[in-house]
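Residue numbers (my numbering), protein chains in the order written: chain Z, 69 to 692; chain C, 490 to 1098.
Yeah, the Cβ is synthetic: ideal placement off N, Cα and C, and Gly gets one too.
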């Protein structure tokens, strides 16, 4: 959308009379204090700090001005003298470095050799500036301007920002709205002005879908250009409007209404005396075999859809799933497209309607009492129901005329894994195990991805698993079952577990668990700033049966236990029992919610810590 | 004929999973002059299934001296019918550099959006070079899982421009045609190879032809690689401009004590480190020529050539001669072929001959101590540049006597198996390189980096700090304090403790059992002294005997003794530098497994009843 704006500006289509800017944001001369500063009081580890970042959109000129002042504090911060900027239209840059030389301020302006335009990918250019003579202690001033509002305004960066202020004057001509991301407080000075002080540096953490969700910033979306009645373009002021725009679009709604190339199959299958579910399966298989995903996530189909389906057999996610919607409807099965933003694209914010942030379409069946998602972009998944992991990002919007309905994208699929280990212990300190691992749901999808990364080669997989589990020796590995139609898989391993068996002066000590996903705690940091996103619920069961060696009996067994986070979102049951010459373990770990807030982090971390300790607990055997 | 029959009769004799098959491939190099080379390439490749999709993507690069003048990518379906033609406009041109770089290199990628397997892709491309001092090697089978039915290289050139050739696993036949030499190489029936060996080992085995111009011309600069000496002289010709230093710099140099050479070098190195930073603007021949010293002082930045030249000029002004050293830099870079004079370099640093040895300066680092070069340029063939006498020499080696990681740790063990650990680690030699991460990486990277060092099931780093006592000494210390629950496992009235609660020996060896290689790129000495404060009323039945191993691969010793109520575990591991494949890998594996057996032992603590 911003590119469209740029295009319109460049074509000179809109400018109202360009009045000279009357207001300028004040950007005082650099001071001696700023140059003498040797560290930033609020963060002693900062290599550089942005002393001030001022943004100003002139409502009449429709021109945006930015002034940034960066202080370099240590050698690690020298790179902040090199900056890249992505402007929506041509940018006009000025860079000055100030240094303290013999107590006096010496300022040098960057010449044209230090300001470069680089084409990153065709049509997309960034500006790279290299401030001259940047040393520890330097203060770098960067000012630039461009037409149109900025794409985003970051109140937070990878280094601290002492003062940030954004002013967006009203413009009659351009209406846009903004979405606020991040958790740090921002002060609303007035309807048009916001600022923040002493913003801490942004720090990424593991288990988040994308850091872009949490960095404190505004993202801007165009709502409309022009004035109603004269050259007026409206984009997306409400979600209903988004629905209408998409339904009217030839490469979205048009696909659902048209796609005559699907008629033959639809006609043929519609009359078959099979159940609705079987018809959905047939449609799913048909689309899957005629169009493979080409790796592109889009919201619209391309103009070449018919050829992509019939000849090239390759299409984007929108093409595949819109075709599915169309086909199902042709078969008299009610289905709608559901649009969303993928995980790496960031959260959709429900109260900020925008088409810009949508980058994916899935199909949703809503037929009589059957509700399910259908996404045909995954070659290893032969049965409909699951959406790809990349789509598990909050809610999706159903595109149905005169409706605004949101749906959670995971209709009850978990990461399911079942382990069964049968262990025999023999004389001479030998313990052998046969491990079977069964996968289903998202567990199956993850498993197929890992197999793919290892070329689906048993030797390569075995080698990789061995590297990851060095306490045991993997002697054999086999993929026993791989069923795309039920989305389930099974692998069988033969293990030498003697490394987990210790002779303790006559008694034996043995650790029975192997290759358990929570042998170590995945949450390693003590504190947490942002919510933890585990992506999907988890269901992990392990059953172990040990055949004791002759002349030995159980001396001690770890106690059975039940652990749970306060709200029960994660539970763990551990049961150990002995009878005759066998010992059995039955362990179930369930995580029913995948988003945990920062305040729940400590409990979740402690939960995993206790699970890890319990699973590593050995048993003792004594000679009879 | 026989070969083709074999292929038909024994299709299941799969030497490896074949994801793609090159049906035919011809590359013709026509060297018309030093500033005019045409590279015509045509190949047809069959993509068997979705797994081979990436082999159908066309990718090549351009820069100021190299242009793709023509390229078409045709797609044929399984019946042989042409279904699509893609041209340059259907592809993506990408020029993406890190924030500190600008160059005029771009990559053109044309990816067929066609997935009706199997299908064939035919590429026809013409590339024109208007200046070259190196030519890409010809490797008919460059990737795993790719079979090659037939591939040909044709090299046409006038005698005077005959490049230096290195043929590996293939022999060429040469004729004279229209006054030009024409050499043809051909390979046929190469099976697909599985990704079950290290890429480097795979690459070494591949039939290939390396070509390098003996004389060349880039922009208006004529050069030669007939010998290393000639190439060195060319490099010097581009980097010997008269220089002008800033008055302040000259004043500083004049004020120094001429007699103390080492001190001058150190002070000037630090002076440069404090006023410059690394920025690489490489446009055109800028790839080989430095930004002038005046500009380095004016802008306060430069790339490796500019900064090295700046340092060289300052030393010259101080009356100290120094030499450029060209290198193929990087922690794990392939070595330069000493017997194949050609441009194999990507970096330059400085050597200063002293009375008894040589000092080396890495001019792109603002934090390196003087005379420390670390893993960036160590132990490899480098070109020492000296007018008329440039030659290959071996760069500084940091061996196991210098690369020392020594840790003193104290472990307070609780009766439930939980523990608190305090570690003090001293890093010397190439272990010092790690400080670059601590000094320049962002906080979250450092946090994760530290967490990855520990394999305990559940631990919390309570405290971390590092310290370099002397800017000029390549040694630094790290301190950690961590809590680890379940460090020892409780079983009945016993506690099972790892026999070596320290960084496992495995972390110092790079290797893969399936790919059958083990590599100790740099010799290392790892020493640990671990004092375990046992919980009250716990004792150990019997301590294991002292273990010592002395082998051609390294030495190892491990002892566990009591010192009052403390258990003292001492480990010393010395690994000699080495790269082991095939039979040597089997021998190394025996050594490795011995250490593995020793380090996987546990100590059993019993509660006194």
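Item                                                                                                                                                                                                  : Value
Going by beta-carbon coordinates alone, are residue 207 (chain Z) and residue 165 (chain Z) separated by less than 9 angstroms?                                                                       : yes
Can you give, in chain order, each stretch of the beta strand (DSSP E) that sits fully within the region 788-819 of chain C and has at least 3 residues?                                              : 812-816
By the DSSP assignment, the beta strand (DSSP E) with residue 972 (chain C) in it spans what residues?                                                                                                : 964-974
Where does residue 270 (chain Z) sit, in a helix, a strand or coil, going by DSSP?                                                                                                                    : coil
Indicate the three-state DSSP secondary structure (helix, strand or coil) for residue 958 (chain C) in the structure shown.                                                                           : coil
Between the region 581-588 of chain Z and the region 537-549 of chain Z, are three or more C-beta pairs nearer than 8 angstroms?                                                                      : yes
With DSSP as the reference, identify every bridge partner of residue 824 (chain C), one or two as the case may be.                                                                                    : In DSSP, residue 824 (chain C) forms no bridge with anything.
Whose Cβ in chain Z lies nearer than 7 angstroms to the Cβ of residue 789 (chain C)?                                                                                                                  : 200, 201, 202, 203
At a cut-off of 8 angstroms, would you count residue 963 (chain C) as near the ligand SAH, judging by its Cβ distance to the nearest heavy atom?                                                      : This structure lacks the ligand SAH; in fact it carries no ligand of any kind.
Can you have a look at residue 658 (chain C) and say buried or exposed, based on whether 16 or more other CB atoms are within 10 angstroms of its CB?                                                 : exposed
Considering just the uninterrupted stretch of the beta strand (DSSP E) at residue 939 (chain C), what are its terminal residues?                                                                      : Taken as a continuous stretch (DSSP letters only), residue 939 (chain C) belongs to no beta strand (DSSP E), being part of the alpha helix (DSSP H) at 932-940.
Based on the DSSP secondary-structure assignment, which residues constitute the bridge partners of residue 919 (chain C)?                                                                             : According to DSSP, which records beta bridges pairwise, residue 919 (chain C) is partnered with nothing at all.
Would the beta-carbon of residue 985 (chain C) fall within 9 angstroms of that of residue 1092 (chain C)?                                                                                             : yes
Distance, Cα to Cα, residue 375 (chain Z) vs residue 515 (chain Z)?                                                                                                                                   : 33 angstroms
Between residue 692 (chain C) and chain Z, is the shortest Cβ-Cβ distance under 9 angstroms, so that the two count as touching?                                                                       : no
Keeping to the same chain, check which residues put their C-beta closer than 6 angstroms to that of residue 771 (chain C); ignore five residues upstream and five downstream.                         : 592
Distance, Cα to Cα, residue 413 (chain Z) vs residue 471 (chain Z)?                                                                                                                                   : 25 angstroms
Would the beta-carbon of residue 537 (chain C) fall within 9 angstroms of that of residue 607 (chain C)?                                                                                              : yes
Please list the residues of the region 350-384 of chain Z that have a C-beta atom closer than 7 angstroms to any C-beta atom in chain C, keeping them in chain order.                                 : 360, 362, 379, 380, 381, 382
Okay, do the region 603-615 of chain Z and the region 490-502 of chain Z touch, 3+ Cβ pairs below 8 angstroms being the bar?                                                                          : yes
From Z:631, Z:632, Z:666, Z:622, pick the residue whose C-alpha is nearest to that of residue 650 (chain Z); which is it?                                                                             : Z:622
Since I believe residue 532 (chain C) is in contact with residue 564 (chain C) (beta carbons under 8 angstroms), could you give me their beta-carbon distance rounded to a whole number of angstroms? : Not confirmed; about 13 angstroms, so no contact.
Can you tell which of C:562, C:843, C:822, C:841 has its C-alpha closest to the C-alpha of residue 835 (chain C)?                                                                                     : C:822
According to the Cβ coordinates, are residue 654 (chain Z) and residue 563 (chain Z) closer than 9 angstroms?                                                                                         : no
Below 8 angstroms, how does it come out for the region 664-673 of chain C and the region 628-648 of chain C: are there three or more Cβ pairs, yes or no?                                             : yes
How many Å lie between residue 1083 (chain C) and residue 1062 (chain C) at the Cα?                                                                                                                   : 13 angstroms
Of all the options Z:176, Z:522, Z:282, which has the alpha carbon lying nearest to the alpha carbon of residue 198 (chain Z)?                                                                        : Z:176
Residue 525 (chain Z) versus chain C: which residues are under 9 angstroms apart at the beta carbon?                                                                                                  : 506, 683, 684, 685
Rounded to a whole number of angstroms, what is the C-alpha to C-alpha distance between residue 135 (chain Z) and residue 284 (chain Z)?                                                              : 19 angstroms
Less than 9 angstroms between the C-beta atoms of residue 955 (chain C) and residue 998 (chain C), yes or no?                                                                                         : no
Taking only beta-carbon positions, decide if residue 573 (chain Z) is within less than 9 angstroms of chain C.                                                                                        : yes
Taking all protein chains shown into account, do 16 or more other C-beta atoms lie within 10 angstroms of the C-beta of residue 991 (chain C), making it buried, or fewer, making it exposed?         : buried
Report yes if the C-beta distance between residue 837 (chain C) and residue 815 (chain C) is below 9 angstroms; otherwise report no.                                                                  : yes
Measuring only between beta-carbons, confirm whether residue 244 (chain Z) sits less than 9 angstroms from chain C.                                                                                   : no
Excluding the 5 residues preceding and the 5 following residue 880 (chain C) in the sequence, name in chain order all residues of the same chain whose CB lies nearer than 8 angstroms to its CB.     : 717, 718, 721, 872, 873
Name, going along the chain, the residues of the region 1019-1037 of chain C whose beta-carbon falls closer than 7 angstroms to a beta-carbon of chain Z.                                             : 1030
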